[in-house]
Structures are given as structure tokens and as C-alpha cells.
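Chemist: Quick one: the structure is below, questions incoming.
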Amino acid sequence: MIGLEHPELLLLAAPALWVAWTWRSASRPGTAIRFLAIALMAVAIAGPYLREGALGRDLIVVLDRSRSMPADGERLGLEVARLAEASSRTGDRLGLVTFGEGVIVDRPAREGQVGELGPAPDADGSDLAGAVETALSLIPIGRPGALVVISDGEARGGDLEGSARHAFARGIPVHVRTTARNDGADVSVERVELPDEVAVGETFQFVAWVRSDERTEARVTLERDGAELRSEARVLEPGMNRVVFRDRLASAGIAGYAVRVDSAGDRAPENDRALAGVRVRGERGVLLLNDGGATSPLSAALVGAGLPTVVLAPEEVRITPQSLAGFRAVVLENVDAGRIGYDGLDALTDFVQNRGGGLLVTGGLASFGRGGYHNSPLDPVLPVSLEMRREHRKVGVALGIALDRSGSMMAPVTGGRTKMDLANEGSATAVEMLSPLDAVVVFAVDTAAHEVVALTQVDQPGAIADKILKIESSGGGIYVKAAIEAAAATLLEAPQINRHLILFADAADSEDQDGCVELLLDLRRAGMTCSVIALGRDTDSDAKFLQAVATAGGGEAYFTEKAEDLPRLFSQDTLTAARSGFVDEPTQVRSLPGLLGIGDLPTDALPILAGYNLTYLQAEATAGAVTTDDYKAPVIAYAWYGLGRSLAYTGQVGGESGGAIVAWPGFQALFSSIVRWLVGMGEPEGVFADVERRGNEALVTVELDPEAELDTELARLEANLRLPSGENRVVALERTGPRSFEARVPIDEAGVVVGTVSLGDDRSLQLPVIGLPYSPEFERGPDPDVGRRRLARLADLSGGRVEPAAGELFEGPRSGTGRRPLRRPLLLAAILVLLIEIGFRRLDLWGLVRLPRRGARARVQPIRGTPNQRATAPGPDAEAGQTPSETSVETSTAPDSRPSPEQPSLGSALRKARGASARRLDR
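Take the sequence shown: its letters are residues 1 to 923, numbered as in the UniProt record's numbering.
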């Protein structure tokens, strides 16, 4: 018997048939076959199926892969699935669904052995109800089956009882097998209660709540921003224990706290450490990072102008969203990007775009392109671009790239890519910076050097980059000497004067080291240099060797643990090797009207620059001053990015190339005005923002003072929360009252969350600090058996059993009605019919198809009789409505008595023309 899953969809055929009839062609067979195709497709969309008897049973294993499961949970789940499959009979099918925050169908219901598990869902969640619904959908209607859930029962979200009743209504029992962590006492830090904000210098008190299942001894430790403040032994009583702390903070910003409890025999150590944070209210000044962290002419000028300024070396502060919250502007004074680090540069970008901060970058040999900012996370918020341009280069470079493609490069990184992928991208970026003045050769190296790109003039960088991006990791370690020898043999033949090799290697897996330093010393005397980009730390096993390689080669050694940082490092070394990015000739400067956009700045001519970083103005930026040389390069450029502002001064301040600007009378006025512009406007009065954590959500609320006059655009209020992973979640606030707004933002990562509310017109408001103490999977309630009872309830409502043996899971009715879907064959038939119609129309074959035509003239047999009788006797055509004069009669009279051929007329000619036109349109 044939049925339809969605018979209501047959209604879609009506408008389709009407359109086909309205635009039908003159060809009757073509119209008919199109109608047939529409009918087939309409039936196929309705989901036709053939009911047929089936013998067998389906079992869907639902496996919990959330973080709260024991370490051997996956192994136990596979073991149950395989034991159940071993007890199955012919016609039985087994499927597998895994779940965490989301649900994944690991294996649809089918016969055959159970393999290994596929990719895991997000482990910070337990959507058991969604997993049950997904598993039910895998069992066809009418087919007998069952589900077995393997979980600890610590489920969140969804209507689990509703899913159980759905299973019962379908006659599908849900069996459960409880797999919880080992029984034993658990000690956990439930939460840390901190005030929303405190004042600088204010002593405040806060509380940590620690839960224990039994009376036990434990050590409670308090940390602030990673440093231990206090640690003491305590006796914990059963239930909740209140632990009180006190602290005082000396500077504005955000302080992050961690409370840890250590006890013997703890069942779940993952919930023994809770995170929280507090915002410190006070004057937010300027953070200036320079080479040594000492007072400089620039920092002295800012302090002298009344701007509170903190001067540090990059190594003296960890640049994070929390550490930057205490400042309104950051100055990078000739600081190499590598000293700030990938995460620090990313935090600075967020500081400008999403927190309303200001950024000033000054020039020098350790800044801009030469300092590694090209292709860095900070690059998108710089008002100048840092690429090399052919028209501004005079000398080319022969660049060699030797890439480690050993087995360690197979390791995955963020975004589903591998270390090899990012090394390829970095190399491709280096090539794309070159021009036809340059040449490049590329090797992929394992135990030997394999030439990927022969020495080639870079006139088609895109084609070269495509070859590089196809390099794959193969195994083994990189043979460094083989790489150097292969690259040197090619580079020394290049016509360019500058010859440079970039060696990319693993800092913990570099082989074939003997003789490398001596070889590079010889090559350096021959005019070839070498730099090393190493993936790893400078303390790894082969780091000293790689540093020696770079020193002998006259280049730089770059170390990074972030594979995402590789494109930046390749760009930086390419710029250095090409001797591009810094102009060391005296150059005059011309002020532009755009300088007035920053403020009331000195109108005197800016002093001559002894040297500057060659950059190019971004499309969205404004130039305040430019050089007067051939480059007409920006000296002062600024732009708005998101909620914040960014300004570049491409000359050096102080030092070898920047003495003139420091000695200039307008020095302090210029840079204090620049920094005041970067600081921007303060937070508006009459606007109050708050945030509260409710489970896995942050509830952001904004209240407007009814008596305050506000110029903010109320329709553009947005909350921007930065999670500990660096992800920004932006949600528009919705009006809940005449002057109140709110938004809910999901937060599912353990750690401190920094937030801002955008008020429009480049103004923003900081939010109090919130955060998750740890993964929600490890949150506990007062009842340790709630998970077991939840699973027992699921089994009871659905008619299932608790803790059934794996060999019994396929027991139950085995006969049912199956459905054989017919959608695919009908769609294939519709496609075939359409192809036939198109083929006949294109080849003009419809003329060969003869169909009977209604009202066609019939052949009349001769009528015997008198001539008059023959002339007036009605023939068969008379019944068709023809007059006697129109009837064709066969007689035995002389030829001149036969009807003469029909003479052509205008009407018949038009009919023929219309018919020919219709046939052409049908093709």
C-alpha cells in the first residue's frame, strides 16, 4: 500500500500546473510531458512510501559525552553497543547517537559491526532530551525498536519528560544505564560572591561558598591574577561552608580571583577551583609600553601634561582584557610585536574596537612592518597599511623558504586547520609581499629537501602561493643541514644581491644538526643570510641550536607557541630581508588640515625626520601630516575603529632617528593633545548598566535616568561580552520599559567575562564583571542522586528498564510495518521525463510524433449513384459540421471534375508562421 508523509504538499501542484497551462506551447506532446514531470515532482515532494512488512528490530544507543561523565564513559558506551550488536539477529539494526551541548548522529540505524566514535560534541552541556528526540527520529514509524541511554543523568535543558512520553506513545521503550563517577565524598567551590565594583584603595570583603558531602579536612587557597594571596587549612562540615576573604586593590581595572580547595579522595576535582572577578573603580590612565620600561621623553611629556601614565616593558605586564580595563589609552613606543605576543595583540584590538580604548603606535626599527605588526591581530586597527610596494623598492631579494613538514606539523590548531596549514599560509603571505624584482624558491623538508617551487621570478605570486598551500605533512623530523644545503645551492645562483633563507622548524624536533653553523658562516661570507622561525618555546630541546643557526646566518630567531602567529612572523622577516619598511634619510614633514580633527594642535611646521617607517594610508583613515619626499607617506594618521580610536605616528620619538621631535617646542603639546583625543569622552551621566549571571546566561540591563537629558541613540544599544576564549558575543538590547532595556547573552566558558554596552556616537559604558566558576557540567546541587532518579523517571515514563543487560537490549517484538521511500525514484523519473522533453524539443523530434486530432477529416469512400446524388449526398464529414461544398468526394469523373488545390491565403500564411515560431520557441 502506498502512503504519503505530507499529503498537504500536493497542493503545491495546483499553481505549478496553472503556470504550465498558461505558458503552454503549441506542441501538444511537449505540454503533456511537462504536465507529467510536474505531477511526478509534486508527488515526490509529498513523501510517498510503500508500506511493507519487515522483520527485525532497531536499537539506538544514546551515549553521554559531556564533561561530567567518568573518564571511561566512552569506552563503556562502545562496549555496551558492541555486546548488543553481538546479540542481534538478521534484520536487526543498531544506531548510535552521542550528545553533550549538542547532538550528533554517530551512526544511523544499520546492520554491521560498531566502529569507533566520531567527533565529540561540545562537552560543556548535556542535552539529553534533544538526544532522545534525535534517536526516536532514527526509528521509522511502524518499526519496533528501543533506546538505551548511557549517562550520569546530569542533564540540562529540554523537556525530558515530554520526550519520554513521546517514546511511550510510539511504543519505543527507553532503557537506561547509569554511568556516574566513582562513589565518594565530593568537595566543591560552589561560588565566589564579589561586589559589582570597589574603589581603588578600598578594603572590601567577599565570600566563597564551599560544599562538602562529609566532614573533612581541606586546604583553601585564594589567588588574584594568578598570584597566591592566602592559603589555610580548614575543617569542612557537611553541607555549605562559608569562607571569608578580605582584599584591597591599588589600581583601577579588573581583578580576577580564583578560590581553590584541596582535599584527599575528592570525587570530582574539576569543581574544586572557582573563578570570579571584580571591577575596580578609579581614574583610568594611559599605559605606555617601551623597550626597557623606563621613563622616556614621551612618557615624561604625558605626565607633565597631567595625564596619569604607567610605563612598563612588555614583559612586565600580561596584556589581557582584564589588565587593559584599568586604562583608557595604550601607547606602543617602538616595541616589537613579538614582545607583546599574539594574545596580547588580540586583546589590544578588542580594547580598541569593543571597549572604546585609544591606541597610539610610534615608529622606529622595532615598530610597524619591521616590528612584526603586518598580518598581526593588531593590523586591522592600524590607520596605516604595512605592505611592501614595488614602486617604492630599488633592490630585489632572492628569498628561500624551507618548511618543516615532519609529523609534528599534523597537529590540529583552531579553525580545523593544522600547523602545516598555517606554516603554508605564512609562506604564501611572504611570497605575496614580493614583486617582480624578487625571486623565490621553496622546499618542503623532512629527511630530505623536496623542491616545491623552483627559483622563480615573482611576477605571478598567486600561482606560487597556490603551490605552497598544497604542501602536506608527511612524517619524520626536519633535516636542517639538508634544507640549508638545498636552499643555498639555488639561492647563490640567483641574480639578486640580497639572498635570504627562512628556515621554519619545530623547536623540539630538528635533526641533522652537525656542521650547520659552520656552513652558515661560509654562506654569510658569500652574501646569503638565514633566519629561523621556530614553532615552540625558546627553552625547547633544539631551541639553542636554532638560535645558533640564526646567529651564524646573520638573521633573527623567532619562537612562538601559537601557530596562528606564523603569518605575522613570515611577513616580519620578509620585510627585514627586503630591507624595506624604514626610510633612514632626512625628510621634511608637511601638516595637513586633517590634523585639526584631533584637536587644537600646534600650527608650527613639524621638524625634519631623521628616519621614519614607510607606510600607506588606509582607506578609512585621515592623514594629519605627510612627508614631502617622493613617497608622500603618512607621518600622522588616525581613524575610528568600532568604539575606539587609533593613531599612528610613523617617526621615532627620541632615539637615533627621533631627537628632533623631542627638541621641538611643540612636542609636549602635540602628543598630549593626541593622547587626550585617544582617551575620548567619558561615560555619560544618567545611564546605569548592570549584568547578572543566571545559569548559563548573562542578563544585561540598562536603565536611563528619567530626569537626565540624553543625546544617545536608544535604538542602537548593544551589549558586547568577551568570553575567556576571546570570542565576542554581541546582542542588541530590547526595550522593556519607557527607559529600560535588557539583553540575554549565553556564556558557556569558565572564567571572567568582560562586557561593554555601546550607546552610539562612539560612546560606551563598562559593565560589572561576571563569569562562570567552572564548566556547568560540574555544578552540583544538594542532592547527589538527582541524576540517577532522572534516568529512572525517563525509563518509567517510556516503559523501559533500568540497568538491563547488553544482551537483552534487542529483546521485544520483531515484526512491524516498514516503509520503503519512493521519493528518490519519482524524482529520478521526473528528471528523466524533463530530459526527454528537452531532447525532443532541441532536436525538433515532436514532428515525428503523430497524435489523433479531434475533428480531423476522414477519407470518404466513393458513393455510387447519379451525378446529382453524388454532388448532394452528405458524407461522414457533414456530421462534423462541414457544409457539402467543403466535403471532399472521390468520383470516377474526368480529372477536371476533381477539386482544385487550395490557394494560399493571408490567414493560412499567418497560421504557418505562428506554428513555425512556436516550434522555434519550444527548442
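Backbone N, C-alpha and C fix where the C-beta goes; we use that ideal spot for every residue, glycine too.
Mark Ile831 as exposed unless 16 or more other C-beta atoms lie within 10 angstroms of its C-beta, in which case mark it buried.
Modeler: exposed
Chemist: Jot down the residue ranges of each uninterrupted beta strand (DSSP E) in the region 146 to 214, minimum 3 residues, whole runs only, in chain order.
Modeler: Taking only runs of at least 3 residues, the beta strand (DSSP E) segments lying wholly in the region 146 to 214 are 174 to 178, 187 to 193, 197 to 199 and 203 to 212.
Chemist: Which full runs of the beta strand (DSSP E) of 3+ residues lie inside the region 549 to 576, going along the chain?
Modeler: 554 to 560
Chemist: Comparing C-alpha positions only, which one of Asp213, Glu223 and Leu302 sits nearest to Gly265?
Modeler: Asp213
Chemist: Count the other C-beta atoms from every protein chain shown that fall within 10 angstroms of the C-beta of residue 948, then say buried if there are 16 or more, exposed otherwise.
Modeler: A query on residue 948 cannot be resolved here, the shown segment of the chain reaching from 1 to 923 and no further.
Chemist: Check the DSSP bridge columns for Pro412 and list the partner residues they point to.
Modeler: When DSSP reads this structure, Pro412 sits in a beta bridge with Thr418.
Chemist: Whole angstroms is fine: what's the gap from Leu492's alpha carbon to Ala449's?
Modeler: Leu492 and Ala449: Cα-Cα distance of roughly 17 Å.
Chemist: Is Met420 near Ile471, with beta carbons less than 8 Å apart?
Modeler: yes
Chemist: Residues in the same chain with beta-carbon distance under 6 Å from Glu85, minus the five sequence neighbours each way, listed in chain order, please.
Modeler: Leu94 and Val114
Chemist: Secondary structure at Asn720, three-state DSSP: helix, strand or coil?
Modeler: strand
Chemist: Give me the Cα-Cα distance between Gly536 and Thr560, rounded to the nearest whole angstrom.
Modeler: 5 Å
Chemist: Nearest to residue 929 by alpha carbon, out of Pro634, Leu59, Arg499 and Ala276?
Modeler: What is shown of the chain runs 1 to 923, which leaves residue 929 out entirely.
Chemist: Output needed for Arg864: all residues of its chain with C-beta closer than 7 Å, excluding positions within five of it in sequence on either side, in chain order.
Modeler: Only weak support is given to the placement of Arg864: the predicted model assigns it a pLDDT of 46, under 50, and the value that follows is read from those uncertain coordinates. Cβ within range, chain order: n/a, list empty.
Chemist: For Trp21, report the span of its alpha helix (DSSP H) as first-last.
Modeler: Ala13 to Thr22
Chemist: DSSP three-state call for Ala227: helix, strand or coil?
Modeler: strand
Chemist: Where does Ser299 fall in DSSP's three states?
Modeler: helix
Chemist: Less than 8 Å between the C-beta atoms of Val280 and Gly253, yes or no?
Modeler: It is a contact, given that the beta carbons lie within the stated cut-off.
Chemist: Which residue marks the beginning of the alpha helix (DSSP H) containing Leu455, and which one marks its end?
Modeler: Not the alpha helix (DSSP H): Leu455 falls in the beta strand (DSSP E), residues Ala449 to Gln457.
Chemist: Taking DSSP as the reference, what is the three-state secondary structure of Trp640?
Modeler: DSSP, read as helix, strand or coil, puts Trp640 in strand.
Chemist: Among the residues of its own chain, which have a CB less than 7 Å from the CB of Ala218, if the five just before and after it don't count?
Modeler: Val187, Arg234, Leu236, Val261, Asp262 and Ser263
Chemist: Between the alpha carbons of Tyr638 and Ala482, how many angstroms are there, rounded?
Modeler: 48 Å
Chemist: Between the region 655 to 669 and the region 591 to 609, do at least 3 Cβ pairs fall closer than 8 Å?
Modeler: yes
Chemist: How far does the alpha helix (DSSP H) with Tyr342 in it extend, from its first residue to its last?
Modeler: Tyr342 to Gln353
Chemist: Leaving out five residues on either side along the sequence, give the residues of the same chain with a beta carbon under 6 Å from the beta carbon of Phe741.
Modeler: Leaving aside the five residues that flank Phe741 on each side, the residues in its chain whose CB is nearer than 6 Å to its CB run, in chain order, Val702, Leu717, Leu733 and Arg735.
Chemist: If you follow the beta strand (DSSP E) that Thr362 is in, where does it begin and where does it stop?
Modeler: Gly358 to Gly363
Chemist: Can you give me the C-alpha to C-alpha distance between Asp159 and Leu76, rounded to a whole angstrom?
Modeler: 26 Å
Chemist: Going by Cα to Cα distance, which pick from Val132, Leu312 and Arg318 is closest to Gly157?
Modeler: The shortest CA-to-CA distance from Gly157 to any of Val132, Leu312 and Arg318 is the one to Val132.
Chemist: Please classify Glu879 as buried or exposed, where buried requires at least 16 neighbouring CB atoms within 10 angstroms.
Modeler: In this prediction, Glu879 has a pLDDT of 41, which is less than 50 and means its spatial position is unreliable; what the coordinates show is noted afterwards. When all chains shown are included, Glu879 counts as exposed.
Chemist: For Trp18, I'd like the list of residues in its chain whose CB is within less than 7 Å of its CB, leaving aside the five on either flank, ordered along the chain.
Modeler: none
Chemist: Can you tell me which of the three DSSP states Met240 falls into?
Modeler: strand
Chemist: Between Gly102 and Asn696, what straight-line distance do the alpha-carbon atoms span, to the nearest angstrom?
Modeler: 15 Å
Chemist: Determine contact between the region 334 to 345 and the region 529 to 549, defined as no fewer than three beta-carbon pairs at a distance below 8 Å.
Modeler: no
Chemist: Could you give the uninterrupted runs of the beta strand (DSSP E) lying entirely in the region 249 to 285, keeping only those of 3 residues or more?
Modeler: 253 to 262 and 273 to 281
Chemist: Checking contacts by CB at 8 Å: is Gly682 closer than that to chain C?
Modeler: This model lacks chain C altogether, as it is built from one protein chain only.
Chemist: Do you know offhand how far Phe206's Cα is from Pro308's?
Modeler: Those two C-alpha atoms are separated by around 30 Å.
Chemist: Might you give, ordered along the chain, the residues of its own chain that have their beta carbon closer than 7 Å to the beta carbon of Thr179, omitting 5 neighbours on each side?
Modeler: Met69, Pro70, Gly73, Leu76, Ile150, Ser151 and Asp152
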